[in-house]
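*Asks:*
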Amino acid sequence: MKRIFTALMLVGAVALGANAKGSCDVAGTVYSVDTTFHAYIGPGTTQTSMLLQSGNKHLRVFYTTVDLTNPYVKIRAVSGTDMMAGGETVSQMC
-13 MKRIFTALML
-3 VGAVALGANA
7 KGSCDVAGTV
17 YSVDTTFHAY
27 IGPGTTQTSM
37 LLQSGNKHLR
47 VFYTTVDLTN
57 PYVKIRAVSG
67 TDMMAGGETV
77 SQMC
């Protein structure tokens, strides 16, 4: 599973700059790759959606790219209810 995730992240990095079709090999299966959505969603941040297809196998890949050198970008770690198990809305965590 970890290898497939790493391969998908690599596919995403390669296809990030292009809004085109291509192909890639993930764990021995060759997929056609189509970038279906790419948008600027905030300062230094973009969101990309890709569709990988091979016969009757379909994978949807969604990822966000963040420019950590952008002065308006700040990363913070938070946890719901201040515990590992539990949940809160984002507004309740801040």
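In this text, residue positions in the sequence shown follow this note's numbering: the first is -13, and each later residue adds one. Using N, Cα and C, we set each Cβ at its ideal position, and we do this for glycine too.
Checking 8 Å against the spacing of the C-beta atoms, do Gly30 and Val52 come in under that value?
*Replies:* Yes. Within cutoff.
*Asks:* Are the Cβ atoms of Val16 and Ser40 separated by less than 8 Å?
*Replies:* Yes, these two residues count as a Cβ contact at 8 Å.
*Asks:* Provide the residue span of the alpha helix (DSSP H) that contains Ser77, from first to last.
*Replies:* Note, Ser77: alpha helix (DSSP H), 76 to 79.
*Asks:* By DSSP, does Gly8 sit in helix, in strand, or in coil?
*Replies:* If DSSP states are grouped into helix, strand and coil, Gly8 belongs with the strands.
*Asks:* Beta-carbon within less than 8 Å of Ile61's beta-carbon, same chain only, minus the 5 sequence neighbours each way: which residues are those?
*Replies:* Excluding residues within five positions, the ones whose Cβ falls inside 8 Å are Val52, Leu54.
*Asks:* Among the candidates Tyr49, Pro57, Ser77, whose CA atom is the shortest distance from the CA of Met36?
*Replies:* The candidate whose alpha carbon is nearest that of Met36 is Tyr49.
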